[in-house]
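S.K.:
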Amino acid sequence: MSQSPQSRQPHPLLPGQSPTALWQPSTPRPLVILGSTGSIGTQALDVVRSHPGYFRVVGLAAGGGRLDLLARQAVEFGVEVVGVTGADADQVEAALAAAAAAAGQASAPKVLTGPDSACEVAAWPLDDGVVLNGITGSIGLAPTLAALRAGRILALANKESLIVGGPLVTSIATPGQIVPVDSEHSALAQCLRAGRREEIRRLLLTASGGPFRGRRRRDLVGVSAAEALAHPTWRMGPVITVNSATLVNKALEVIEAHLLFDVPFDRIDVVVHPQSVVHSMVEFIDGSTVAHCSPPNMRLPIALALAWPHRLAEVIPPCDWRQATSWVFEPVDGETFPAIDIARRVGTVGHTAPAAFNAANEEAVSAFLAGRLDFLGIVDTVAEVVEEFLAAGVSPVRDLDDVLEAETVARRMARDVIARRAGSATP
Ligand code: MG
746 MSQSPQSRQP
756 HPLLPGQSPT
766 ALWQPSTPRP
776 LVILGSTGSI
786 GTQALDVVRS
796 HPGYFRVVGL
806 AAGGGRLDLL
816 ARQAVEFGVE
826 VVGVTGADAD
836 QVEAALAAAA
846 AAAGQASAPK
856 VLTGPDSACE
866 VAAWPLDDGV
876 VLNGITGSIG
886 LAPTLAALRA
896 GRILALANKE
906 SLIVGGPLVT
916 SIATPGQIVP
926 VDSEHSALAQ
936 CLRAGRREEI
946 RRLLLTASGG
956 PFRGRRRRDL
966 VGVSAAEALA
976 HPTWRMGPVI
986 TVNSATLVNK
996 ALEVIEAHLL
1006 FDVPFDRIDV
1016 VVHPQSVVHS
1026 MVEFIDGSTV
1036 AHCSPPNMRL
1046 PIALALAWPH
1056 RLAEVIPPCD
1066 WRQATSWVFE
1076 PVDGETFPAI
1086 DIARRVGTVG
1096 HTAPAAFNAA
1106 NEEAVSAFLA
1116 GRLDFLGIVD
1126 TVAEVVEEFL
1136 AAGVSPVRDL
1146 DDVLEAETVA
1156 RRMARDVIAR
1166 RAGSATP
């Protein structure tokens, strides 16, 4: 007897037309990649390379620190436009010509240079395309706004632009227009598919704890930049790696989660999980907790964001459940790592406060990497700047200028604090 037609229907709770139909776009999805030579950008291009037929890279933008790499990328993917904020057009053209000659390929993308070039590339005409913002730091805000205003789906790895832009970004974005690339928020977005908004009790962001997990404040006196840059589970750029060591990265991610998912701060918690396999969890009202796990590899959230809401096949190898394995979860040591509590405070105040927090941290991290500030001085500086900034009063974020002004003030305050600390450390 053959099966009845009824029994071959997909289960009504499983979305999709057919249990076997995988996403295969009829034409490759156009992509623009901002920060293409950085950690996120290069991994995104790996995903594109390993999934032929799914994506077409139309535009690339980068700072220009790795011009040769940018040129090779532009030639390999045959892009229409290249934007470089930190080099002049002649340098870019020369790099493109050299890369084209080396590859034996013709390549003549339009070259845009100058501070606005990333924004121009972000708003480059795309038919149903995705803009991946993989720029590091709050300079990613203007391109984020440009992509949103142009109506693109924004795959957002540049969390700073959401944090410093706050309501400016969330008021422009239409529902679903921002797709998170940050691994924790990608995990949350996936866990949230398991229930309705009213059923959410808490978001639980996991944190690896960084290289200094388990140490107390007194143990962190005099730790070096090399130690702070040795992240146990993730390979990332230097700023985010230092931010992981101070837990400022997690602090920023708490604000990011609040802005992305509109869940109040008192219902967003952080759990330390050193294996970095559970990327975040959502607790529902019935006592269920839904977790997302995979080996730590940014290609996974990047691929999901580029293909959103679809999953690509074979992006990374899954967890190997044949191996005995244990996972550890522990609370955050808020005394040694106060950044998360400071972020909750500035996030709750809102307006320009998160921008000041972030700017003070960017200033402090660059001083630390340059050897002008000790490790504990990073968050101590941020804490001092936040106090001073809040005492002076926050203002609403109506446009980019409001953000830039708050950042300028906070950076100046941070430089003063750093100079004072350096002065007092001199015998
Ligand atoms: Mg993250």
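Numbering-wise (the working numbering), the sequence shown opens with residue 746 and increments by one.
We put the CB at the ideal spot given by N, CA and C, even for glycine.
Does the Cβ-Cβ distance between G879 and S784 come in under 9 Å?
M.R.: Stepping through the sequence shown from its first residue, residue 879 is reached at position 134. Stepping through the sequence shown from its first residue, residue 784 is reached at position 39. Cβ distance < 9 Å, so G879 and S784 count as in contact.
S.K.: Residues in its own chain within less than 6 Å of A970 by CB, not counting five upstream and five downstream?
M.R.: The count along the sequence shown starts at 1 and reaches residue 970 at position 225. Around A970: L1114.
S.K.: Who sits around the ligand MG, taking every residue whose Cβ is closer than 7 Å to one of its heavy atoms?
M.R.: That gives D927, S928, E929, N994, E998.
S.K.: What is the residue span of the alpha helix (DSSP H) that V1060 lies within?
M.R.: In the sequence shown, counting from the first residue as 1, residue 1060 sits at position 315. Taken as a continuous stretch (DSSP letters only), V1060 belongs to no alpha helix (DSSP H), as it is neither H nor E.
S.K.: I'd like to check one pair, A952 with V1016: are the Cβ atoms closer than 9 Å?
M.R.: As a working mapping, residue 1016 is identified with position 271 in the sequence shown. As a working mapping, residue 952 is identified with position 207 in the sequence shown. A contact, by the Cβ cut-off of 9 Å.
S.K.: How is the alpha helix (DSSP H) around A1128 delimited, first residue to last?
M.R.: Numbered from its first residue, the sequence shown carries residue 1128 at position 383. Where A1128 is concerned, the enclosing alpha helix (DSSP H) stretches over 1120 to 1137.
S.K.: Please report the distance separating the alpha-carbon of N988 from that of A939.
M.R.: Mapped onto the sequence shown, residue 988 falls at position 243. Mapped onto the sequence shown, residue 939 falls at position 194. Roughly 31 Å between the two C-alpha positions.
S.K.: Just list the residues that DSSP pairs C1038 with in beta bridges.
M.R.: For the purposes of this step, residue 1038 is taken as residue 293 along the sequence shown, with counting starting at 1. For C1038, which the question treats as bridged, DSSP gives the partners V1023.
S.K.: Roughly how many angstroms lie between the CA atoms of Q850 and R801, to the nearest whole one?
M.R.: Translated into positions along the sequence shown, residue 850 becomes position 105. Translated into positions along the sequence shown, residue 801 becomes position 56. Going from the Cα of Q850 to the Cα of R801 covers about 17 Å.
S.K.: On a CA-only basis, which of P888, N903, F957, H976 is nearest R897? Give me that one, please.
M.R.: As a first step, residue 897 is located in the sequence shown; it is residue number 152 there, counting from the start. It is P888 whose Cα lies nearest to the Cα of R897.
S.K.: Rounded to the nearest angstrom, what separates Q836 and L913 at their Cα positions?
M.R.: By one-based count along the sequence shown, residue 836 stands at place 91. By one-based count along the sequence shown, residue 913 stands at place 168. Computed Cα separation, rounded: 35 Å.
S.K.: Scan the segment 1044 to 1095 and note each continuous beta strand (DSSP E) run of 3 residues or more that stays entirely inside, going in chain order.
M.R.: Taking only runs of at least 3 residues, no beta strand (DSSP E) segment lies wholly in the segment 1044 to 1095.
S.K.: Between the C-alpha atoms of T1153 and F1134, what's the straight-line distance to the nearest angstrom?
M.R.: Numbered from its first residue, the sequence shown carries residue 1153 at position 408. Numbered from its first residue, the sequence shown carries residue 1134 at position 389. Straight-line Cα distance between these residues: approximately 11 Å.
S.K.: What first and last residue would you give for the alpha helix (DSSP H) that runs through A834?
M.R.: Within the sequence shown, the letter at position 89 stands for residue 834. It spans 834 to 848 - the alpha helix (DSSP H) in which A834 sits, taken as one unbroken run.
S.K.: Given a threshold of 16 other Cβ atoms within 10 Å of its Cβ, counted over all protein chains shown, does S1169 qualify as buried or as exposed?
M.R.: On the sequence shown, residue 1169 is found 424 positions in, with the first residue counted as 1. With fewer than 16 other Cβ atoms within 10 Å, it is exposed.
S.K.: Looking at C-alpha atoms only, which residue of L871, R811, T782 is the closest neighbour of E825?
M.R.: Counted from its first residue, the sequence shown places residue 825 at position 80. Measuring from the Cα of E825, the nearest candidate turns out to be L871.
S.K.: Using the Cβ count rule (16 or more neighbours within 10 Å means buried), how would you classify E1108?
M.R.: Stepping through the sequence shown from its first residue, residue 1108 is reached at position 363. With 16 or more Cβ atoms within 10 Å of its Cβ, E1108 is classed as buried.
S.K.: Using C-beta distances below 7 Å, list every residue in its chain close to A996, excluding the 5 sequence neighbours before and after it, in chain order.
M.R.: The residue labelled residue 996 in the question sits at position 251 within the sequence shown. Correct list, in chain order: A1084, I1085, I1087, A1088.
S.K.: Can you name the start and end residues of the alpha helix (DSSP H) that T991 belongs to?
M.R.: Mapped onto the sequence shown, residue 991 falls at position 246. Per DSSP, T991 belongs to the alpha helix (DSSP H) from 983 to 991.
S.K.: Determine the closest residue to A1104 out of D1119, P920, V1130, with distance taken between C-alpha atoms.
M.R.: As a position in the sequence shown, residue 1104 is number 359, starting the count at 1. A1104 has its Cα closest to that of V1130, out of D1119, P920, V1130.
S.K.: Can you have a look at S931 and say buried or exposed, based on whether 16 or more other CB atoms are within 10 angstroms of its CB?
M.R.: The sequence position of residue 931 within the sequence shown is 186, counting from 1. With 16 or more Cβ atoms within 10 Å of its Cβ, S931 is classed as buried.
S.K.: Helix, strand or coil for D964, going by three-state DSSP, please let me know.
M.R.: On the sequence shown, residue 964 is found 219 positions in, with the first residue counted as 1. Of the three classes helix, strand and coil, the one that applies to D964 here is helix, per DSSP.
S.K.: Given this structure, state the Cα-to-Cα distance separating A1159 from A766, to the nearest angstrom.
M.R.: For the purposes of this step, residue 1159 is identified with residue 414 of the sequence shown, where counting begins at 1. For the purposes of this step, residue 766 is identified with residue 21 of the sequence shown, where counting begins at 1. Distance between the alpha carbons of A1159 and A766 is about 54 Å.
S.K.: Using a Cβ-Cβ cutoff of less than 7 Å, which residues in the same chain neighbour A789 once the five nearest sequence positions on both sides are dropped?
M.R.: Taking the first residue of the sequence shown as position 1, residue 789 is located at position 44. Correct list, in chain order: I778, L877, G879, I1047, L1051.
S.K.: Just verifying my parser: in three-state terms, what is the DSSP assignment at F1113?
M.R.: Position 368 of the sequence shown, counted from the start, is the residue given in the question as residue 1113. F1113: helix per DSSP, three-state reduction.
S.K.: By the three-class DSSP mapping on this structure, what secondary structure does P1099 have?
M.R.: By 1-based counting over the sequence shown, the position of residue 1099 is 354. Of the three classes helix, strand and coil, the one that applies to P1099 here is helix, per DSSP.
S.K.: Pick out the complete beta strand (DSSP E) segments inside the segment 775 to 809, 3 residues or longer, and give them in chain order.
M.R.: Here the runs fully enclosed are 800 to 807.
S.K.: If you compare alpha carbons, which of R1012, A973, V1008 is closest to V993?
M.R.: For this step, residue 993 is matched to residue 248 along the sequence shown. Measuring from the Cα of V993, the nearest candidate turns out to be A973.
S.K.: How long is the line joining the alpha carbons of L1057 and V792, rounded to whole angstroms?
M.R.: The sequence position of residue 1057 within the sequence shown is 312, counting from 1. The sequence position of residue 792 within the sequence shown is 47, counting from 1. If you take the alpha carbons of L1057 and V792, they lie about 9 Å apart.
S.K.: Counting only the same chain and skipping the five closest in sequence on each side, list residues whose C-beta sits under 6 Å from that of W1072.
M.R.: The residue you call residue 1072 lines up with position 327 of the sequence shown. Correct list, in chain order: Q1020.
S.K.: Beta-carbon within less than 7 Å of A934's beta-carbon, same chain only, minus the 5 sequence neighbours each way: which residues are those?
M.R.: On the sequence shown, position 189 is the one that residue 934 refers to. These residues qualify, in order along the chain: P925.
S.K.: If we count Cβ pairs, one from each stretch, closer than 8 Å, do we get three or more for the segment 944 to 963 versus the segment 999 to 1006?
M.R.: Cβ pair count under 8 Å is three or more, so yes.
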